[in-house]
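Residue numbers (our numbering), protein chains in the order written: chain W, 50 to 664; chain F, 46 to 420; chain R, 170 to 580.
Only one structure is covered here, and it is reproduced in the block below.
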Amino acid sequence: MADSSSTPAVHTPVDLDRINVILATDCGSTTTKAILIEKVDGEYRQTFRGEAPTTVEEPAADVTMGVVNSVTEVGELAGRRLIDDDGQVIRPATETEGCDLYISTSSAGGGLQMMVAGVVREMTAASAKRAALGAGAIVMDTIATNDKRLPHEQIQRIRELRPDMILISGGTDGGTTTHVVQIAELVAPAKPQPRFGGEYRMPVIFAGNVDAREPIEATFDESVELSLVDNLRPTMERENLGPARDMIHDLFLEHVMAHAPGYDKLMSWTNAPIMPTPGAVGNILQQIATQRNVNAVGVDIGGATTDVFSVFDGTFNRTVSANLGMSYSISNVCAEATLPRILRWVPFEMDERELRNRVKNKMIRPTTIPQTLESLLFEQAVAREALRLAYVQHKEFATTLKGVQQQRTIGDTFSQEIGGQTIVDNMALDLLVASGGVLSHAPRMQQTAAMLVDAFQPEGITTLAKDSIFMMPHLGVLAQVHAEAAVQVFERDCLIYLGTCVAPKGAGKPGKTCFGFQVSGTSIDTTGEISVGELRLLPLADGETAEATIEPARNFDIGAGAGKTVTRTVRGGTVGLLLDGRGRPLDLPEDRTACRQAVTDWSNALGLADLARLN
Amino acid sequence: MAQAYTPGLKVTPHTQHRVRRILPISGTVLKSVGDRVRASDVVAETFMPGNITPMNVANMLSMPPADVPECMLLAEGDTVEDGTILAQTKGIFGMFKSTCASRAAGTVETISNVTGQVIIRGTPLPVQVTAYVSGEVVEVIEGEGVTVESDVCFIQGIFGIGGETMGPIAMACENPEQELSADRISDEMAGAVIVGGGRVTGDAVRRAIQIGAAAIVSGGLDDADLRDILGFDLGVAITGSERIGLTLVVTEGFGEIAMAERTHRLLASHDGREASVNGTTQIRAGVMRPEIVIPLPEGSTPPESDNRATEGLLETSTPVRVIRDPYFGLIGRVADLPAEPQALGSESRARVLTVTSADGETVVVPRANIEIISE
Amino acid sequence: MVERRLGILLTAVVLTGLPAGKLVAADAPRPPSHVRAEDRGWDGGDAVDVIVGISPDDKPDTDPPGVAHYVVRWSGEYGGVYEHAETVVADKNAYRSGEVRLTFEQLELGEPYFFRVRAVGPDGSESLHVETAREAAVRPVAQAFSGRRAWLVLITLIICGSVVYFILMARRGKPLQIRKIAGLEAVDEAVGRATEMGRPCLFVPGILDMNEIQTIAGLTVLSRVAQVAAEYGAHIEVPTSKSLVMTTASETVESAFLAAGRPESFNEDDVYYVTDEQFGYVAYLSGMMVREKPAACFYMGAFFAESLILAETGNSIGAIQVAGTAMPSQLPFFVAACDYTLIGEEFFAASAYLSGDPDQLGSLKGQDVGKVIVAVLVIVGCLLDTLNSMTSIEFFETATTFLRDTILKSG
């Protein structure tokens with residue numbers, strides 16, 4: 050191990066059967082989190098965790114210091130020595146020290162920031178954006194022929210941005226060359242500067258028309274590092290994001306990471322390539338969705354941004370809503386959603402002028418926390434709107450491919466649908482996973498569940514869960530090395546199941562029957578009826594399941610069609626079984642008094658807060 | 046662990062302040078090391094490459110792009126005027142030639158035989174950088190700019206709008222609690238940096254813009270007023286490029302809040318002196334706060350070690366201010382620092398502290414919701 | 170003979186001032202109670218209404234009836250020769266009101282008319298006559314408006330009014346909701362595909378000339394297609410089969426490129442004339458499609474037998490095809506072979522849809538009101554007539570007649 054710092058251990062083959070102890074770290078922009086996974090009774094379990102401030106910036110300027118600190122804390126808790134006297138991770142594991150596998154993710158220094166370009170914004174440029182987002186990058190801007198900007202404006206924009214990397218796509222194989230070269234002719238003279246100083250050449254990936262490679266190579270001079278990969282849209286009908294995504298990861302390690310302080314050392318320690326944190330989260334979600342054959346949506350709401358991940362029928366999508374968050378961006382949520390829409394979710398009156406000041410004060414002092422119940426409920430109302438807006442953006446982005454030829458029959462005469470429809474289908478959604486401060490730190494689990502249901506409005510029968518200690522990034526990298534271990538830990542320790550939401554789609558008159566239910570399990574056996582506008586919580590403990598038969602009314606649909614009965618096994622959780630008769634799409638009463646009453650009723654039904662205390 | 050770190054704002058009566066004045070792209074530096082500069086002096090200048098005008102010559106002359114280089118009358122690097130003939134077709138037997146004229150003045154940047162596009166680069170745009178703070182040039186970064194150093198009184202605000210400006214300080218409020226209303230602004234304050242006390246009203250800002258003040262510095266501001274002044278609801282706290290007529294710096298926060306006693310005292314002590322103000326704020330990774338920089342007269346001695354910034358250790362009897370509702374703006378001293386997390390009104394558990402205010406009231410607040418203030 | 174005898178009798182009655190009934194034979198019915206002639210209002214001055222008060226002997230449900238019918242005679246001169254004009258029988262309405270109404274049309278404007286009426290018994294015996302007096306001569310007078318067209322006025326007012334109303338609404342910035350027309354939304358997608366694949370877009374404006382409204386509608390869509398093509402930097406080709414269409418299309422494309430801010434990308438040679446011959450034109454298009462493989466084909470205008478040839482060729486080369494025509498016989502072919510089809514009205518609505526111009530949007534919306542009225546009348550009419558034929562309720566009969574004869578014939 051002594052010479053590991055000079056020869057990267059990235060590709061060291063690992064014998065999966067002999068892995069007993071796994072160490073994983075995630076270097077975030079403020080804290081570095083380490084977790085230890087051990088084989089207990091033949092199963093992988095997450096056992097200990099530790100954290101320490103990230104040390105990318107001055108004065109330390111060496112990310113490994115934070116890693117060592119967090120790992121040492123884990124080691125102390127576990128009673129296992131993980132770091133040797135030279136400050137290196139000890140491998141392989143023995144009875145009392147070391148680990149068999151060490152992996153890491155990173156989002157320090159603002160993560161991976163990219164600029165993407167393509168020919169048509171909705172086609173190759175969108176594919177390029179998907180590739181970059183899927184790889185875990187933040188897309189700063191998308192340049193396209195039809196982005197309504199004049200060429201000099203586009204050049205100005207490229208100059209202002211300081212991305213870590215540029216991805217250029219465009220044209221199908223054998224398609225347009227002119228447009229692609231035109232884009233390159235915009236990028237080349239703009240001479241974009243990399244974010245971390247002028248020490249390295251700007252990495253540019255070309256993943257477009259293979260016929261355009263030669264002119265593209267001729268367009269760029271020595272000042273950029275040009276890599277050519279397979280076209281990410283070889284035909285209009287097919288997307289091939291894999292090669293571009295892999296190249297982004299490679300370049301991320303080679304260039305971006307290598308120039309961040311201490312990463313060269315960290316890279317030599319790990320058994321698998323370091324991944325950008327969101328990329329890893331996407332990875333594990335995809336893994337789980339594929340393995341269980343479910344459709345899943347994951348959300349991570351942070352202070353500045355909100356990430357939404359979705360897997361529908363095996364297709365993975367990720368979006369980053371850059372200005373929707375709970376602290377730095379809270380004011381923007383209020384500006385975009387408008388205060389009246391936020392206040393719909395608040396069960397009492399608030400003074401608008403004072404609220405506006407509160408919101409701005411939270412923005413300029415992002416670290417403060419709500420002290421009173423009143424401000425907690427307001428913050429959760431903001432979270433609902435932020436999540437809703439982020440999900441709307443996600444739906445708009447996660448679409449079928451545009452520009453594909455359609456096959457029609459006479460039957461389609463009056464029902465012609467255009468291409469590029471969203472693939473996000475709330476009715477088909479099976480699992481909704483929450484993470485991020487406001488969701489995972491809510492004092493009552495019911496609040497987390499309510500925020501998820503109100504913002505995402507799942508339809509049909511949907512399992513709700515939250516990430517216990519934000520372990521998904523670690524598991525995402527682990528999945529690449531040891532999928533079995535990753536899935537086991539994900540199942541047992543990562544997710545905290547909140548319960549299941551049953552919500553038929555449709556609308557009806559308040560008070561009329563929405564659906565009848567019959568739930569039978571080991572601890573529960575009950576039947577009843579939910580009326581339109583009603584919300585009810587049935588206790589169903591974590592780990593328990595029950596058979597639920599839902600009989601929707603004539604104009605409601607629980608998944609099998611309007612009025613059709615569905616029987617399904619539902620999963621319990623810390624919250625239980627949530628029967629939601631409010632209808633979908635969820636409309637709140639326009640009238641403020643009626644709205645406040647409705648929200649109060651729902652709050653009482655779920656036990657969200659002790660509202661009596663406020664009066 | 047009876048301490049906590051709060052990222053306070055810098056308010057210091059005397060510090061050696063260095064500013065790097067750098068051009069966005071390389072150019073000429075006009076000053077050399079040792080030069081004394083005034084705030085408004087230009088220290089470096091350059092010409093931004095002009096705007097780009099692409100012209101599709103191939104389409105304009107109805108010919109394949111590959112033929113464009115042959116038909117060009119000008120080469121890359123040649124100067125063109127608006128209307129200069131750029132290219133001419135060969136025509137038929139030397140007749141029926143069609144031509145294509147430039148639509149912009151500048152130089153021919155590139156001629157492409159793939160797209161048939163000729164790119165004309167417009168005439169350069171001059172860009173100048175001023176010293177911003179009076180002082181001495183201590184470093185010249187060749188081709189980029191200079192570093193100016195001076196002894197200054199340096200005050201950071203928490204939020205601002207508008208960019209760099211300068212002017213003499215004019216005190217409009219006698220004490221830090223006083224509201225800065227329109228009637229406190231007089232015509233003599235034109236071109237000045239107006240210092241208020243507590244909240245500045247929207248009318249006062251409009252009045253200041255009307256008389257042509259350079260900047261306003263005050264304790265608080267109502268968000269509703271901010272929206273009226275800007276004309277839109279500010280979403281993301283990245284400011285500095287607004288053009289509202291003056292630069293506005295808020296030192297404490299939004300709503301009814303008094304300016305910190307120390308800040309007000311410091312500003313008052315420099316009444317009439319030239320100050321440089323920048324409202325640029327960026328509340329993100331790589332945070333930027335607005336600032337008020339007052340160059341001190343030469344030979345002023347550093348004060349007796351009172352260089353404490355508003356950050357430090359949190360101990361019993363440390364003066365603090367609550368920065369979140371329900372006690373927003375309350376000033377007091379730490380009375381107790383319980384180690385164990387306690388349940389808050391919101392039912393969350395967090396580490397708290399007890400604050401006793403000047404009038405003897407005692408409140409319990411989460412540690413995340415206070416900031417340490419200097420006396 | 171009879172007339173003269175009756176004339177004498179009547180004269181006798183008038184002279185003696187005695188009731189006429191008392192002097193006639195017992196088997197003849199008593200005469201009508203009165204007769205009155207009036208000019209028909211709100212007409213062109215060619216009709217008068219004659220109102221006959223029924224005879225006291227004329228009672229419903231008597232057998233044999235007291236009066237079989239009434240005979241109306243007229244003359245242009247009082248006391249002149251009265252000619253037979255009309256025979257009329259009292260119906261239920263007449264018994265209810267005690268009067269029989271009848272109308273004489275196609276009369277001379279401004280000429281005087283005089284009427285005499287007799288009741289005729291079942292055995293053919295006639296009563297004494299009653300007549301319109303000398304001073305009560307009726308003269309048809311013309312009015313400015315025709316009352317029979319009142320319904321037309323009402324319907325016109327509703328439709329025009331709603332057009333005006335919606336235009337005003339649209340101008341005031343009230344958003345008018347228009348259903349998404351997939352075929353027009355797909356223009357971006359089709360042109361985008363052509364751009365990415367480096368292939369041209371083909372636009373066929375039909376085979377009829379500029380006097381055909383469909384060609385004009387097609388050129389409106391062309392303006393949109395050309396603008397998108399200009400924005401995307403795609404190559405668009407417009408072969409035409411009429412010289413006038415070529416000129417107009419060329420202008421349309423040029424101004425679209427100008428609007429997109431890319432005037433220099435416009436190439437005149439991309440809009441050209443092929444031939445007036447239907448199949449010569451089609452042969453050219455098919456050949457060109459197979460050779461150049463455009464990635465987006467638009468067929469917008471009037472099409473005949475060539476529709477399926479074009480659409481099938483386009484389908485075989487893998488192009489996104491958008492068609493629009495108001496030819497009912499060609500629509501099924503387009504629907505089956507193209508990706509998107511604008512059907513009839515959609516095609517004409519395209520210009521309003523694409524421009525978003527308040528005046529056009531408003532009139533589109535207003536026309537919809539007209540369509541709704543027509544649809545409602547058709548449904549109500551069908552229902553009434555069905556009910557009328559199935560039941561014998563008088564209301565349905567009256568309503569059907571009123572709808573058919575008064576409302577619908579008012580136009």
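A virtual CB, placed ideally from N, CA and C, is assigned to each residue, including glycine.
Where C148 of chain W falls, given that 16 or more other Cβ within 10 Å makes a residue buried: The residue labelled residue 148 of chain W in the question sits at position 99 within the first sequence. It counts as buried.
Closest residue to L544 of chain W among W:Q95, W:A83, W:E171 (Cα-Cα distance): Position 495 of the first sequence, counting from 1, holds the residue named residue 544 of chain W. It is W:Q95.
Rounded separation between E639 of chain W and L216 of chain W - CA only: Counting from one through the first sequence, the residue named residue 639 of chain W turns up at place 590. Counting from one through the first sequence, the residue named residue 216 of chain W turns up at place 167. Between E639 of chain W and L216 of chain W, the C-alpha separation is close to 46 angstroms.
For G213 of chain R, the residue or residues it bridges with in DSSP: Counting from 1 along the third sequence, the entry for residue 213 of chain R is found at position 44. Its beta-bridge partners are R:A311.
Among W:D111, W:G183, W:G124, W:L199, the one whose alpha carbon lies nearest that of G96 of chain F: Translated into the one-based positions of the second sequence, residue 96 of chain F becomes position 51. First, the residue type needs correcting, since residue 96 of chain F is Asn and not Gly in the sequence shown. Minimum Cα distance to N96 of chain F is reached at W:L199.
Cβ of M285 of chain W within 8 angstroms of any chain R Cβ: Walking along the first sequence from the start, residue 285 of chain W turns up at place 236. So, interface residue.
Rounded C-alpha distance that separates R310 of chain F from R662 of chain W: Numbered from its first residue, the second sequence carries residue 310 of chain F at position 265. Numbered from its first residue, the first sequence carries residue 662 of chain W at position 613. Spanning the two alpha carbons is a distance of roughly 43 angstroms.
Interface flag, P282 of chain F vs chain W, CB-CB below 8 angstroms: Here residue 282 of chain F is taken as the residue at index 237 of the second sequence, counted from 1. At residue 282 of chain F the sequence reads Ala, which differs from the Pro that was named. With 8 angstroms as the cut-off, A282 of chain F counts as an interface residue toward chain W.
Cβ neighbours of I328 of chain R in the same chain (closer than 8 angstroms, five flanking residues each side left out): Residue 328 of chain R sits at position 159 when you count from the first residue of the third sequence. Hits under 8 angstroms: G535, Q536, V538, G539, I542.
Residues of its chain near V78 of chain F, where Cβ-Cβ distance is below 6 angstroms and the 5 sequence neighbours each way are ignored: Taking the second sequence and counting its residues from 1, one reaches residue 78 of chain F at position 33. Answer for V78 of chain F: V182, V185, listed in chain order.
Residue range of the alpha helix (DSSP H) that includes A267 of chain W: Walking along the first sequence from the start, residue 267 of chain W turns up at place 218. Here the alpha helix (DSSP H) through A267 of chain W covers 262-268.
Close Cβ partners of A235 of chain F (< 7 angstroms) along its chain, the five nearest in sequence each way excluded: Stepping through the second sequence from its first residue, residue 235 of chain F is reached at position 190. So the qualifying residues of the chain are I256, G257, A258.
S296 of chain R in three-state terms, based on DSSP: Translated into positions along the third sequence, residue 296 of chain R becomes position 127. Strand at S296 of chain R.
Where L184 of chain R sits in the DSSP three-state scheme: Locating residue 184 of chain R in the third sequence gives position 15, counting from the first residue. Because L184 of chain R carries a pLDDT of 43, less than 50, the predicted location of this residue cannot be relied on, and the following value inherits that uncertainty. In this structure, L184 of chain R counts as helix in the three-state DSSP scheme.
Sheet register partners of N195 of chain W (DSSP bridge): Translated into the one-based positions of the first sequence, residue 195 of chain W becomes position 146. N195 of chain W is not bridged to any residue.
Chain F contact for E152 of chain R (CB, 8 angstroms cutoff): Chain R is shown from 170 up to 580; residue 152 of chain R falls before or after that span and cannot be answered.
Buried or exposed by the 16-neighbour rule on C-beta atoms within 10 Å, applied to V120 of chain W: As a first step, residue 120 of chain W is located in the first sequence; it is residue number 71 there, counting from the start. That one is buried.
Short Cβ contact (8 angstroms threshold) for T512 of chain W with D479 of chain W: Residue mapping note: residue 512 of chain W aligns to position 463 of the first sequence, counting from 1. Residue mapping note: residue 479 of chain W aligns to position 430 of the first sequence, counting from 1. For T512 of chain W and D479 of chain W, yes; Cβs fall inside 8 angstroms.
Top-ranked residue by Cα proximity to G402 of chain R, from F:P221, F:V400, F:V163, F:N104: What you label residue 402 of chain R is simply residue 233 of the third sequence in a count that begins at 1. Closest by alpha carbon: F:N104.
Own chain residues within Cβ distance below 8 angstroms of D574 of chain W, not counting five before or after: For the purposes of this step, residue 574 of chain W is identified with residue 525 of the first sequence, where counting begins at 1. Answer for D574 of chain W: V568, listed in chain order.
Option in F:C218, F:L68, F:I230 with minimal Cα separation from E189 of chain F: The residue you call residue 189 of chain F lines up with position 144 of the second sequence. Closest by alpha carbon: F:L68.
L586 of chain W and L655 of chain W closer than 8 angstroms at C-beta: What you label residue 586 of chain W is simply residue 537 of the first sequence in a count that begins at 1. What you label residue 655 of chain W is simply residue 606 of the first sequence in a count that begins at 1. Going by C-beta atoms, L586 of chain W is nearer than 8 angstroms to L655 of chain W.
Residue-level contact to chain R via CB, N96 of chain F, 8 angstroms cutoff: The residue you call residue 96 of chain F lines up with position 51 of the second sequence. No, N96 of chain F does not count as interfacial toward chain R.
Closer than 7 angstroms at the beta carbon, the chain W residues around R362 of chain R: For this step, residue 362 of chain R is matched to residue 193 along the third sequence. Under the 7 angstroms cutoff, chain W gives M285, G452.
N- and C-terminal bounds of the beta strand (DSSP E) containing E184 of chain F: Locating residue 184 of chain F in the second sequence gives position 139, counting from the first residue. Its beta strand (DSSP E) spans residues 180-186.
Near-chain F residues of the stretch 422-434 of chain W (beta-carbon distance less than 7 angstroms), N- to C-terminal order: L422, S424, L425
S195 of chain F at chain R interface by Cβ criterion, 8 angstroms: Along the second sequence, one-based indexing puts residue 195 of chain F at 150. Answer no: the Cβ-Cβ gap between S195 of chain F and chain R never drops below 8 angstroms.
Any C-beta of chain R under 8 angstroms from that of S231 of chain F: Walking along the second sequence from the start, residue 231 of chain F turns up at place 186. No, because no Cβ of chain R sits closer than 8 angstroms to the Cβ of S231 of chain F.
Interface flag, R179 of chain W vs chain R, CB-CB below 8 angstroms: The sequence position of residue 179 of chain W within the first sequence is 130, counting from 1. Not closer than 8 angstroms to any Cβ of chain R, the Cβ of R179 of chain W fails to qualify, so no.
Inter-stretch contact at 8 angstroms, needing at least 3 Cβ pairs: the stretch 282-299 of chain F / the stretch 429-447 of chain W: no
Reference Y737 of chain W, options W:P588, W:P559, W:G331, W:A534, closest by Cα: With chain W covering only 50 through 664, there is no way to say anything about residue 737 of chain W.
Where V193 of chain F sits in the DSSP three-state scheme: To locate residue 193 of chain F, count along the second sequence from 1; it is residue 148. Of the three classes helix, strand and coil, the one that applies to V193 of chain F here is strand, per DSSP.
C-beta neighbour in chain F for P310 of chain W, strict 8 angstroms: Looking up residue 310 of chain W in the first sequence gives position 261. Chain F, which has no Cβ nearer than 8 angstroms to the Cβ of P310 of chain W, makes this no.
Reference I86 of chain W; option with closest CA among W:L150, W:G328, W:A658: Numbered from 1 along the first sequence, position 37 holds the residue referred to as residue 86 of chain W. Nearest option by C-alpha distance: W:L150.
Whole-angstrom distance between I548 of chain R and S532 of chain R, CA atom to CA atom: For the purposes of this step, residue 532 of chain R is taken as residue 363 along the third sequence, with counting starting at 1. For the purposes of this step, residue 548 of chain R is taken as residue 379 along the third sequence, with counting starting at 1. Whole-angstrom Cα-Cα distance: 24 angstroms.
Euclidean distance between Cα positions of L235 of chain W and P109 of chain F: Working through the first sequence from its first residue, we reach residue 235 of chain W at position 186. Working through the second sequence from its first residue, we reach residue 109 of chain F at position 64. Taking the straight line joining both Cα atoms gives about 21 angstroms.
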